[in-house]
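Working notes, structure below.
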Ligand SMILES: O=P(O)(O)OC[C@H]1O[C@H](OP(=O)(O)OP(=O)(O)O)[C@H](O)[C@@H]1O
Ligand SMILES: O=c1cc[nH]c(=O)[nH]1
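In full-length UniProt numbering, the protein residues as written are 1 to 195.
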C-alpha cells in the first residue's frame, strides 16, 4: 500500500522496531507469569502483523505455541459516522476462544483511545477473558478516554498537528515509524487549543 510520506521523518528504524517487539514479548511473559493462558489479537490493519510477530517472539521465549488472531473493530467504533466508510476486516479468533484467557490486544498506534474502546466492545461479543492487556508499538498521547497501554514500544510525545505512520513489511514492504504533519488535524487541534 503506498502512502504519501514526503515530509515525514523517521522515529524508529526496522532494527528498533524488532528490538521493541522483543522487549514487549519478555514483558508480556513476565506480567502473565508465562504464556500458557495467552491469546494475542491484532487490530487491523497493521496491528495484525505486529500481533503475529509479538506472538512468535513470545513463543520463542517460552517454547510454547501462542494462539494469535485478529479482531476487527470497525462496526464498534463510536465515530463510525464521522469517518470515511471503510471495508470490514476479518475477525479471526483462534480455536479455543478467549474465555478465561489473558487476551493481549495489539495495535500500531495509541492516540485518542477510541480504537481500543471499540476493540474492548468487540471482544464482549467474543467471550469473557480473565484479563485484557494492551500492547502498542507507539503511544503518541492525546487520550480522549481513560485507556492506557500495558506494553509500549515507544512513548512518543507529539502535537495533534502531527501524524504518526507505522509501516510494516507485511503491508508496506518495509518496517519504520515516521512522524510528519497531519493531513486533517482539525478535531484534535480544537481539543488541544482548549487545554
Ligand atoms: O487511538 P485512536 O485515536 O483510535 O488511533 C489509533 C488508531 O488509528 C489508526 O488506525 P486507523 O483507524 O487510522 O486505521 P489503520 O489501522 O488502517 O491505519 C491506528 O492504526 C490505530 O488503530
Ligand atoms: O497519528 C496517528 C493517529 C492515529 N493513528 C495513527 O496511525 N497515527
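All residues carry an ideal CB built from backbone N, CA and C; glycine is no exception.
Short of 6 Å in beta carbon distance, which residues of its chain neighbour residue i, apart from the five on each side in sequence? Order them along the chain.
| i | result |
| --- | --- |
| residue 93 | 69 and 126 |
| residue 101 | 37, 39 and 129 |
| residue 52 | 68 |
| residue 35 | 29, 58, 62, 64 and 66 |
| residue 121 | 76 |
For residue i, does the three-state DSSP call read helix, strand or coil?
| i | result |
| --- | --- |
| residue 37 | coil |
| residue 44 | coil |
| residue 116 | helix |
| residue 88 | coil |
| residue 170 | helix |
| residue 29 | helix |
| residue 9 | strand |
| residue 152 | strand |
| residue 163 | strand |
| residue 176 | strand |
| residue 106 | strand |
Please list, in chain order, all residues of the same chain as residue i whose beta carbon is under 8 Å from its beta carbon, the five residues on each side excluded.
| i | result |
| --- | --- |
| residue 4 | none |
| residue 158 | 140, 141, 142, 164 and 179 |
| residue 78 | 114, 117 and 118 |
| residue 99 | 127, 128 and 129 |
| residue 183 | 163 |
For chain D, check one thing: does any of its Cβ atoms lie closer than 8 Å to the Cβ of residue i?
| i | result |
| --- | --- |
| residue 27 | Annotation note: the requested chain D is absent from the structure, which comprises a single protein chain. |
Could you check how far apart the C-beta atoms of residue i and residue j are, in whole angstroms? I think they sit under 8 Å.
| i | j | result |
| --- | --- | --- |
| residue 163 | residue 149 | Incorrect: roughly 19 Å between the Cβ atoms, too far for contact. |
| residue 176 | residue 12 | 7 Å |
| residue 139 | residue 156 | 7 Å |
| residue 240 | residue 144 | In this structure the chain extends from 1 to 195, so residue 240 is not present and cannot be described. |
| residue 103 | residue 132 | 5 Å |
| residue 14 | residue 50 | So it is not a contact: roughly 13 Å between Cβ atoms. |
Measuring CA to CA, which of the options is closest to residue i?
| i | options | result |
| --- | --- | --- |
| residue 63 | 29, 87, 166 and 91 | 29 |
| residue 119 | 9, 7, 8 and 48 | 48 |
| residue 215 | 86, 99 and 111 | No answer is possible for residue 215: it lies beyond the span of the chain, which begins at 1 and ends at 195. |
| residue 43 | 74, 124 and 83 | 74 |
| residue 25 | 167, 137 and 183 | 137 |
| residue 106 | 45, 31 and 10 | 45 |
| residue 95 | 151, 27, 83 and 41 | 41 |
| residue 151 | 166, 124, 20 and 9 | 20 |
If I measure Cβ to Cβ from residue i and keep anything under 7 Å in the same chain, skipping five residues before and after, which residues do I get?
| i | result |
| --- | --- |
| residue 91 | 70, 71 and 72 |
| residue 86 | 74 |
| residue 32 | 38 and 102 |
| residue 8 | 165, 178, 179 and 180 |
Exercise. Could you name the residues, in chain order, whose CB is less than 5 Å away from a heavy atom belonging to ligand 2?
Worked result: Those satisfying the condition are, in chain order, 109, 111, 163 and 164.
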